[in-house]
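Here our numbering is used: the first residue of the sequence shown is 4, the next is one more, and so on. The structure under discussion appears below in the form of structure tokens.
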Amino acid sequence: MEKIEIQLQIQLQIQRWLSRKTTSESVRQVTGLPIALSSDTGLIRSENQDRLVLLRAQVTNDKSFIVGVLCDGMGGMVDGEGCAELAVSFFIASCIANRQMGLKERLLNAANSANSAIYEKYHGDGGATLSAFIMDNDKQIEVVNVGDSRIYLETDKGFEQITTDDTIAGQLKNNSYISEVSGLLQYIGIGPSLEPHFIELPPIDSISKLLMTSDGAHYIAHETLRRLVQPSLPASKIIKRLTNVAKWCGGHDNASALLITDLHSLFSKHEEVHTGTVEIWDPFGDVQFVGIEKSLHKKPTIISNASVGDASGMGLPAISPAKPLLDNKNNSKNANSSTVDVKKKRRSNKNETTSEKLNLRIDFDE
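Here's what the structure looks like:
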């Protein structure tokens, strides 16, 4: 029961963060990683119903994983924006809570968790697409897809779409006469009939680039998309060009993308590894949670509505927008960044009360 409660608390905090006010467009290079995220409302839509998140978790000194998830709220249905936020937050919370599962099982649980949450709230009248990947430092990788968001890979065999759209046109690729038929065959929030798609991937060492897109970004011709992704440039420059081209071609829908340009360097060792650290990025900002070593504390402590944790785990704060990142020139006016160093907080707030209930705690100790 405690695990479920913790998972729901994590989900709620992430959902609140995703619902914050942002700008109409942003491109964000993840510091220290060959990954960039972007999102653009486009020229036609009045709101952005895409939600795109990257998660990196350091479980132990020698165990870590990365998750990317993109959800596009269903146009023409109830509360597309809210459905996308709900889907992403439940998906990410499930991946964290079930970190001891195998990668494929973890993705399946996360997709089902997101589907159940939306179905329970909207009863099939609201939904979102879902494209996601997970990889770990053992060089394992798995992907899952529902709807018409996509994942592409660049390998020595070329650049190809590895997911299949949940549309009639997508399922019957050689039948051009039905290419204009709209509507999804399934989506996150459809209910018990959901059947997420898993794709067999080549070894991670053979993958040079991974691209994840919403339909507002990949509606341009495949050859144009390939030429945009092909150059050896920083990830942020590539997806900036991609979203600009999508906009120049009409910008009829929200365009979001995540690009990894060097999968081999994702799990290189850092000088200092904080066990229990969780970092989350979207195109507009980031949140970081820094773990506490067991020896540093003995009792739960509440600091500014944030739990430092106890002798068996780490604490995560309530998430709220803070000052923009000063080292990101492209997003210095746009980014909502929240970084909490609970070690410093604990030293400066050692007289705070410890009688309050823990706000949020994750035990990453295995």
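All C-beta atoms in this analysis are idealised placements derived from N, C-alpha and C, irrespective of residue type, glycine included.
For E50, no beta strand (DSSP E) run applies, since DSSP gives it neither H nor E.
The criterion of a C-beta distance shorter than 7 Å is satisfied by F270 and N140.
The beta carbon of P205 lies closer than 7 Å to those of T158 in the same chain, with the five residues before and after it left out.
Counting along the chain, no alpha helix (DSSP H) covers K66; the unbroken beta strand (DSSP E) around it starts and ends at K66 to D75. Per DSSP, reduced to three states, the secondary structure at K212 is strand. The residues R59 and Q291, in chain order, have a CB closer than 6 Å to that of E282 in the same chain once the five nearest residues on each side in sequence are set aside. CA-CA distance, I38 to L197, rounds to 30 Å. The residues Y125, D128 and G129, in chain order, have a CB closer than 7 Å to that of V81 in the same chain once the five nearest residues on each side in sequence are set aside. Sixteen is the threshold: since fewer than 16 other Cβ atoms of the shown chains lie within 10 Å of the Cβ of D208, the residue is exposed.
In terms of CA proximity to R244, D43 leads the group L15, D53, V33 and D43. One alpha carbon belongs to L106, the other to L187, and they sit about 26 Å apart. In the three-state reduction of the DSSP assignment, N247 falls in the helix class. Judged by DSSP secondary structure, D43 falls within the beta strand (DSSP E) whose first and last residues are I38 to D43.
By a beta-carbon distance limit of 8 Å, L73 contacts L261. Their separation comes to about 7 Å. When secondary structure is reduced to three states using DSSP, H267 falls in the helix class.
For L40 and I241, the gap between their C-alpha atoms comes out near 10 Å. For F94, the three-state secondary structure derived from DSSP is helix. D151 has no beta-bridge partner at all, per DSSP. S29 places its beta carbon less than 7 Å from that of F287.
Secondary structure of L111 (DSSP, three-state): helix. Judged by DSSP secondary structure, R229 falls within the alpha helix (DSSP H) whose first and last residues are H225 to V232.
Counting along the chain, G173 sits inside the alpha helix (DSSP H) bounded by residues I171 to Q174. Apart from sequence neighbours up to five positions away, no residue of its chain approaches G253 with a beta-carbon distance below 6 Å.
Beta-bridge pairing by DSSP links M138 to I69 and I144. Judged by DSSP in its simplified three-state form, I191 adopts strand. One alpha carbon belongs to S239, the other to T170, and they sit about 30 Å apart.
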